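Following the numbering used here, the numbering of the sequence shown begins with 153 at its first residue and continues without gaps.
For each residue, glycine too, the CB sits at the ideal point set by N, CA and C.
Quantities reported herein were computed from a predicted structural model and do not represent experimental measurements.
Heads up, the thing below is written out as structure tokens.
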Amino acid sequence: MKHIVTLLVLAFVFMASPSPGAPRAKKTKLHSAKTSLVHAATTKSKAKRKPKRVASLEASSIEKSKSKSDKRDEDKVTLVRIDKSDHKLEVVAGNRVLKTYRVAIGIGGLGPKQFEGDMTTPVGRYHVTTRFRPLYHQFIGVSYPNDDDRTRYAALKRQGKVPPGRGVGHGIGIHGVGSRKLSGIHKQEDWTHGCIAMDDDEIDEFGLLVPEGTPIDIVD
């Protein structure tokens with residue numbers, strides 16, 4: 153019986169004692185975890201740091217891109233302004249006049265266009281529409297008639313002031329002349345049927361500057 157008790161006590165002591173390898177394994181795991189954390193922190197720190205030259209180049213690139221964008225915005229055409237009395241067409245960007253052209257207008261002279269065939273260049277607010285080639289070298293449409301033109305025409309028609317068969321009119325535009333030999337010469341007097349005319353090289357330049365939908369103000 154004594155032997156049995158002794159064996160049980162020894163077994164209990166053996167089971168309660170920690171394994172010789174356990175502390176080492178635990179220590180190894182802790183060391184490994186610590187090493188991983190240090191490595192991750194170092195890698196993250198390195199990723200955040202950039203050479204000064206690279207950072208400087210990136211900043212310079214962003215600044216140049218912003219400058220170009222601002223320049224494009226400054227040069228964006230916001231209005232075409234035509235003065236019939238001065239025979240002048242201005243391309244406007246914000247508060248700046250980018251380009252000025254001398255033009256010829258309709259032989260009907262000053263005043264608003266009243267009906268089809270009166271040879272008068274309209275007066276009012278319009279917009280750039282479609283483009284055609286090779287009509288007059290290049291033809292850039294003007295959105296005539298507007299609501300005011302239609303109202304005026306209707307009133308004139310009620311008053312019997314519109315010739316029979318004449319509508320409100322259409323086909324108004326800004327165009328060239330179709331011949332470089334006439335450059336400048338054709339502007340010496342008004343000759344169009346209501347359109348605005350400029351030299352062929354000028355209409356090419358104008359066409360590149362002014363996108364479809366740009367507002368056009370025509371005044372006497």
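Taking a cut-off of 8 Å for Cβ pairs, the region 345 to 364 and the region 275 to 291 touch, as three or more such pairs fall below it. Closest in C-alpha terms to arginine 283, from the list Ile370, Glu364, Asp369, comes Glu364. An exposed status is given to isoleucine 337, since fewer than 16 other beta-carbon atoms sit within 10 Å of its beta-carbon. Under DSSP, glutamate 226 shares a beta bridge with no residue. In the DSSP assignment, valine 232 is bridged to Val243, Ile368. Under the three-state reduction of DSSP output, threonine 272 falls in the coil class, being neither helix nor strand.
Secondary structure of isoleucine 337 (DSSP, three-state): helix.
Rounded to the nearest angstrom, the Cβ distance from aspartate 227 to leucine 241 is 18 Å, too far for a contact under 8 Å. In terms of Cβ geometry, tryptophan 343 and alanine 256 form a close pair [threshold 8 Å].
Of Glu268, Thr252, Arg310, the smallest CA-CA separation from glycine 321 is found for Glu268. Counting only unbroken stretches of 3 or more residues, the beta strand (DSSP E) elements lying wholly within the region 294 to 336 are 325 to 327, in sequence order. Around the beta-carbon of threonine 272, 16 or more other beta-carbon atoms lie within 10 Å, marking it buried.
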